[in-house]
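In this text, residue positions in the sequence shown follow our numbering: the first is -6, and each later residue adds one.
Glycine included, C-beta positions come from ideal geometry on N, C-alpha and C.
Quick caveat, the model's predicted, so the values are computed rather than measured.
Worksheet for the structure shown next.
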Amino acid sequence: MTSPGPGREPAPLTVAVTAGDTITAEGAEAYLRGAEGVRVVDWGAWDRADIALVLVHRVTDRTIGWMERVCKETEARGGLPILLVADEIGERDLVRAVRYGLVGVLPRREVGYARVLEAARSTLEGSAPMPARLVRSLVESMRSLASAVQQHGTDLSEREVDVLRLIAEGLSTAEVAARLNYSERTIKNVLHEMITRLGLRNRTHAVAYAIKRGVV
-6 MTSPGPGREP APLTVAVTAG DTITAEGAEA YLRGAEGVRV VDWGAWDRAD
44 IALVLVHRVT DRTIGWMERV CKETEARGGL PILLVADEIG ERDLVRAVRY
94 GLVGVLPRRE VGYARVLEAA RSTLEGSAPM PARLVRSLVE SMRSLASAVQ
144 QHGTDLSERE VDVLRLIAEG LSTAEVAARL NYSERTIKNV LHEMITRLGL
194 RNRTHAVAYA IKRGVV
C-alpha cells in the first residue's frame, strides 16, 4: 500500500466493526476512532460503511452468520468487503465466507491494530491480504467443484487468466506484476475491469469463477 506523502491525509475510511468478545471490539473501535481519516459506525450500519471488520479467535457458524447477514443486507449496493482477523478458519468456512464477501484474512496473533488498519485501506485499493495457505485451500476446494461445471472460461482473456493463475498461487498484486512484466497499476486495472464486467465481488471471487470454468 502506498502511504500518504508529506502533507497528504489518508483517504477517508468508514469501518463497521464486530468481534467475538467485548474487550476486542472496544479495543479495535477505540484505536480506529483515534486514527486519522477513520470513522467507525455501528455494526449493522453497513450502508454507511466502506468495509466490515470481523475479529475472532476462531471462525464458527456464528461468525459465518454475521457475514451472511452483511451479504444479504448489502446486496443492493453490490455487497460490502469483509476483512477477517482470526487465527483459525476451516476450509468449509473459508469457502462460505468468500461467498458472503470475505476478501482478506489476517492472522490475529501476529498483527496489531495498526496492521489491521493498513490492511483495511489496502483492501479497498484492491490488495487484500490473504495467507498463501488459505489461497491454496480455497483453490483446492473450488477445484473439487469444477468437475460439475461444463462451461469453459471463454469470457476471460489470456491476460486475465494469467493474472488469476498467479493470484491462485498466492502471489500479491505486486508479485503478479513483476512475474508478468507489467506495472502494478496495470494488474489492478485488469482485475478491476474483469470484476466489474463479470459482476464479481472481489479478486478472490474472480479466482473461484475461473476455477469453476476450468481455466485455473
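Three-state secondary structure (DSSP) of residue i
i	result
G183	Contrary to the premise, residue 183 reads as Val rather than Gly in this sequence. Residue state, collapsed to three classes: helix.
E66	helix
T116	helix
E111	helix
E61	helix
G20	helix
L99	strand
L149	coil
L73	coil
A139	Its pLDDT being 47, under 50, A139 is placed unreliably in this model, and the coordinates cannot settle the point.
T197	helix
R92	helix
I44	strand
A28	coil
L6	strand
T11	strand
Expected contact under 8 Å - CB spacing of residue i and residue j to nearest Å
i	j	result
A28	L110	6 Å
G13	H50	6 Å
L77	A90	7 Å
D43	T17	Contact flag wrong, Cβ pair sits at about 21 Å.
T116	G97	5 Å
Pairwise C-alpha distance: residue j and residue i
i	j	result
V183	I160	13 Å
L48	G58	14 Å
G105	A112	11 Å
E118	A45	15 Å
R26	R102	22 Å
D35	E153	38 Å
M60	E81	16 Å
E84	V52	11 Å
I75	N174	30 Å
P5	R172	32 Å
V169	L87	23 Å
W39	R194	16 Å
A167	E177	5 Å
Buried or exposed (CB count within 10 angstroms, at least 16 for buried), residue i
i	result
Q144	Any reading at Q144 must be qualified, since the residue scores a pLDDT of 46, below 50, and its modelled position is unreliable; the value itself is stated next. With fewer than 16 other Cβ atoms within 10 Å, it is exposed.
V94	As written in the sequence, residue 94 is Gly, which differs from the Val given in the question. G94 comes out buried.
R196	buried
A203	buried
A199	buried
A23	exposed
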